[in-house]
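Peer 1: Using my numbering, read the sequence shown as starting at 1460 and increasing by one per residue.
Dropping the structure in here first, questions after.
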Amino acid sequence: MKRKQFLLSSLLAIPAIALSKNKFQNNPDAGKEPFVVNAGQSRFGDTIKFLGVHHNDLKISSKDTNGQLSVFEYTGLAKVGPSLHMHLYQDEIFSVLEGEYRFVVGADTHYLKAGQTIFLPRNIPHTWIQLTDKGKLIYFLQPAGKMEEFFTLMNSLKERPSPEELEKFHTAHGMKLMGPSLSL
């Protein structure tokens, strides 16, 4: 348990260092109160699920950071992952807390286990798939962009969107859909 707490604390320090070196430090809203988000909960108490099953809990909102950062905790219960896509304006950082994952970033494939972190620069197509029955990721988007809104929209849908709708949703939220999800 101490290792997991150390990893999480270390990961949370990375964006804080990045934020401390930009205009955010001079923002009058920067003096907000600290907060704690408990395990298994989302920042504002809502439940967002990826593919209707897997918890994708918002831990730090773009509202907390003036759009500079969003942090999510993903708990996967099956061997799935997102479609191949590209973020036009955000870098992503994924850290594996539990399970094993295969990430495809551009032409490279990386296999990650608990304790490993991968940096995904903007404008490079990427996707991942969970390789174990259960997995957990913490991931950061910097700047935050519109990912919170994207996940809220996708979670609200009653049926699977058409390929044209999916393309439209990605575009509206600063992403480009590049291809299908990975399979085992």
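For each residue, glycine too, the CB sits at the ideal point set by N, CA and C.
Mind checking Lys1518: buried by the 16 CB within 10 Å criterion, or exposed?
Peer 2: In the sequence shown, residue 1518 corresponds to position 59, counting from 1. Classification for Lys1518: buried.
Peer 1: Could you name the residues of the same chain whose beta carbon sits closer than 6 Å to that of Thr1576, not counting the 5 residues immediately before and after it, in chain order?
Peer 2: On the sequence shown, position 117 is the one that residue 1576 refers to. Ser1554, listed in sequence order.
Peer 1: Who are the near neighbours of Leu1643 in its chain, counting only those whose CB is closer than 8 Å to its CB and skipping five residues on each side?
Peer 2: One-based indexing of the sequence shown puts residue 1643 at position 184. So the qualifying residues of the chain are Lys1538, Ile1588, Leu1590.
Peer 1: Ends of the alpha helix (DSSP H) at Glu1449?
Peer 2: Any question about residue 1449 goes unanswered here, given that the chain covers just 1460 to 1643.
Peer 1: Buried or exposed for Tyr1598, going by 16 or more other Cβ atoms inside 10 Å?
Peer 2: For the purposes of this step, residue 1598 is identified with residue 139 of the sequence shown, where counting begins at 1. Its Cβ being crowded by 16 or more others within 10 Å, Tyr1598 is buried.
Peer 1: So, helix, strand or coil for Leu1636, using DSSP?
Peer 2: Numbered from its first residue, the sequence shown carries residue 1636 at position 177. Residue state, collapsed to three classes: strand.
Peer 1: Excluding five sequence neighbours on each side, which residues of the same chain lie with their C-beta closer than 7 Å to the C-beta of Asn1515?
Peer 2: To locate residue 1515, count along the sequence shown from 1; it is residue 56. If we look at Asn1515 and ignore the five residues flanking it on each side, its Cβ neighbours are Ile1507, Lys1508, Phe1509, Phe1531, Tyr1533, Phe1610.
Peer 1: Smallest Cα separation from Leu1579: which of Glu1624, Asp1550, Pro1602, Glu1623?
Peer 2: In the sequence shown, the residue the question calls residue 1579 occupies position 120. Ranking the options by Cα distance to Leu1579, first place goes to Asp1550.
Peer 1: With distance defined between alpha-carbon atoms, name the residue in Gly1594, Met1613, Met1634, Glu1623 nearest to His1585.
Peer 2: Here residue 1585 refers to the residue found at position 126 when the sequence shown is read from its first residue. Looking at the Cα atoms, Met1634 is the closest of the given residues.
Peer 1: In whole angstroms, what is the alpha-carbon distance linking Glu1624 and Pro1639?
Peer 2: The residue you call residue 1624 lines up with position 165 of the sequence shown. The residue you call residue 1639 lines up with position 180 of the sequence shown. If you take the alpha carbons of Glu1624 and Pro1639, they lie about 15 Å apart.
Peer 1: Based on the DSSP secondary-structure assignment, which residues constitute the bridge partners of Gly1594?
Peer 2: Locating residue 1594 in the sequence shown gives position 135, where the first residue counts as 1. Paired residues: Gly1535.
Peer 1: Based on Cα-Cα distance, which residue from Ala1631, Glu1557, Ser1621, Val1512 lies nearest to Gly1574?
Peer 2: On the sequence shown, position 115 is the one that residue 1574 refers to. Considering only alpha carbons, the answer is Glu1557.
Peer 1: Could you please give me the residues that DSSP links to Met1545 through a beta bridge?
Peer 2: Indexing the sequence shown from 1 puts residue 1545 at position 86. Partner(s): Lys1635.
Peer 1: Check this for me: beta carbons of Gly1504 and Leu1641, under 9 Å apart or not?
Peer 2: Working through the sequence shown from its first residue, we reach residue 1504 at position 45. Working through the sequence shown from its first residue, we reach residue 1641 at position 182. It is not a contact, given that the beta carbons lie outside the stated cut-off.
Peer 1: Which residues in the same chain as Leu1536 place their Cβ atom closer than 8 Å to its Cβ, once the five residues preceding and following it in sequence are excluded?
Peer 2: Here the question's residue 1536 lines up with position 77 in the sequence shown. Correct list, in chain order: Val1512, His1513, Asp1592, Lys1593.
Peer 1: Distance, Cα to Cα, Leu1636 vs Glu1608?
Peer 2: Residue 1636 sits at position 177 when you count from the first residue of the sequence shown. Residue 1608 sits at position 149 when you count from the first residue of the sequence shown. Rounded to whole angstroms, Leu1636 to Glu1608 spans 17 Å at the Cα level.
Peer 1: State buried or exposed for Ser1615, treating a residue as buried only when at least 16 other CB atoms are found within 10 Å of its CB.
Peer 2: Locating residue 1615 in the sequence shown gives position 156, counting from the first residue. That one is exposed.
Peer 1: What is the residue span of the beta strand (DSSP E) that Phe1578 lies within?
Peer 2: In the sequence shown, the residue the question calls residue 1578 occupies position 119. Its beta strand (DSSP E) spans residues 1576–1579.
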